[in-house]
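One structure below.
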Amino acid sequence: MADLVRSDIEDYAAAHTTPLPDGLLALHAEAERELPYPSMLSGPVVGQLLATLVAATQPRVVIEVGTYAGFSALAMAAALPPGGKIITLELEDAHADFAQRHFDASPFGDRIELRRGPALESLAQIDGPFDFVFVDADKTGYPDYYEAALAKLSSNGLIVVDNTLRGGGVLAPDSEGDRVIADLNAAWASDPRVVATQLTVRDGVTILRRADAS
-8 MADLVRSDIE DYAAAHTTPL PDGLLALHAE AERELPYPSM LSGPVVGQLL ATLVAATQPR
52 VVIEVGTYAG FSALAMAAAL PPGGKIITLE LEDAHADFAQ RHFDASPFGD RIELRRGPAL
112 ESLAQIDGPF DFVFVDADKT GYPDYYEAAL AKLSSNGLIV VDNTLRGGGV LAPDSEGDRV
172 IADLNAAWAS DPRVVATQLT VRDGVTILRR ADAS
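Encoded structure:
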């Protein structure tokens, strides 16, 4: 992933963001050591952004497409209102096993349900409405995940999508993943169903809400 923001500015932002709990930071460090794709981890600033959005919107049902290490799920779980839950979806058993171990060790693990298998199949089986959806999975699947999430999104719900700048690859797409995300970014900006806000946080985070939200 290319540096979209100067590394000293990234470090400054991290240093001036409220630190996540020690347990989450330890999970992040362990995942960097033990899992094969460290760049797939949501960083601490993104983790705190997700926790803040969840705390502000007070969702009852959070759907996460792409569990990986469980870092983002646990960041959001700590900010849930009483009775809130996260259903996180993961295809790879090795990732799911790693995440579940950390869920089981967390005081917030009982707020998280991990479902294994293809995400679209799981999304079809989960009753809506969804109050908050975080998408951070295979990029070529993003269009289908977006449509499936939007179809069940509550009236004031949010869809938050990670890696929407692709290390700058969306500016001159030369891979399938870059082209898919570049096309989605363009579609979201003109989709009458939603209001999209593209943030230049880490590798790009896009926040979408219903255009007809009250």
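The numbers in my numbering rise by one with no breaks, and the one at position 5 of the sequence shown is -4. Note that the Cβ used here is the ideal one computed from N, Cα and C, for glycine as well.
Please report the distance separating the alpha-carbon of residue i from that of residue j.
i: Ala180; j: Gly158; result: 19 Å
i: Ala202; j: Gln116; result: 26 Å
i: Ser113; j: Arg107; result: 8 Å
i: Ala177; j: Asp118; result: 29 Å
i: Leu162; j: Val(-4); result: 15 Å
i: Asp135; j: Leu80; result: 14 Å
i: Ala4; j: His19; result: 18 Å
i: Gly160; j: Leu175; result: 13 Å
i: Ala85; j: Ala22; result: 12 Å
i: Thr188; j: Glu55; result: 19 Å
i: Val126; j: Pro164; result: 21 Å
i: Lys143; j: Arg184; result: 13 Å
i: Ala94; j: Val124; result: It should be noted that the sequence gives Phe, not Ala, for residue 94. Between Phe94 and Val124, the C-alpha separation is close to 19 Å.
i: Asp88; j: Phe99; result: 17 Å
i: Asp101; j: Ala47; result: 21 Å
Residue i and residue j: beta carbons closer than 8 Å?
i: Thr191; j: Glu167; result: no
i: Asp122; j: Arg51; result: yes
i: Val186; j: Arg170; result: no
i: Ala70; j: Val45; result: yes
i: Ala66; j: Ser146; result: no
i: Asp182; j: Asn154; result: no
i: Pro109; j: Leu141; result: no
i: Val152; j: Tyr133; result: yes
i: Pro29; j: Leu11; result: no
i: Leu32; j: Phe62; result: yes
Can you round the beta-carbon distance between residue i and residue j to whole angstroms, since I take them to be within the 8 Å contact cut?
i: Gly148; j: Pro120; result: 7 Å
i: Gly57; j: Ala128; result: 3 Å
i: Gln103; j: Ala60; result: The amino acid occupying residue 103 in the given sequence is Ile; Gln does not appear at that position. With a Cβ gap of about 13 Å, Ile103 and Ala60 do not count as contacting.
i: Val37; j: Val196; result: 6 Å
Of the residues the options, which one's Cα is nearest the Cα of residue i?
i: Ala173; options: Leu156, Gln116, Asp88; result: Leu156
i: Leu15; options: Ala42, Ala142, Arg184; result: Ala42
i: Thr8; options: Pro183, Gln39, Leu71, Pro72; result: Gln39
i: Gln49; options: Ala17, Asp88, Arg184, Ile77; result: Ile77
i: Arg111; options: Leu26, Asp13, Tyr137, Ala90; result: Residue identity differs from the one stated: residue 111 is Leu in this sequence, not Arg. The residue with the shortest Cα to Cα distance from Leu111 is Tyr137.
i: Ala96; options: Arg24, Pro73, Ala17, Ser(-2); result: Ala17
Per DSSP, residue i is paired with what?
i: Val186; result: Arg200
i: Asp153; result: Val196
i: Arg107; result: Glu81
i: Lys130; result: Note: Lys130 sits in no beta bridge, so no partner.
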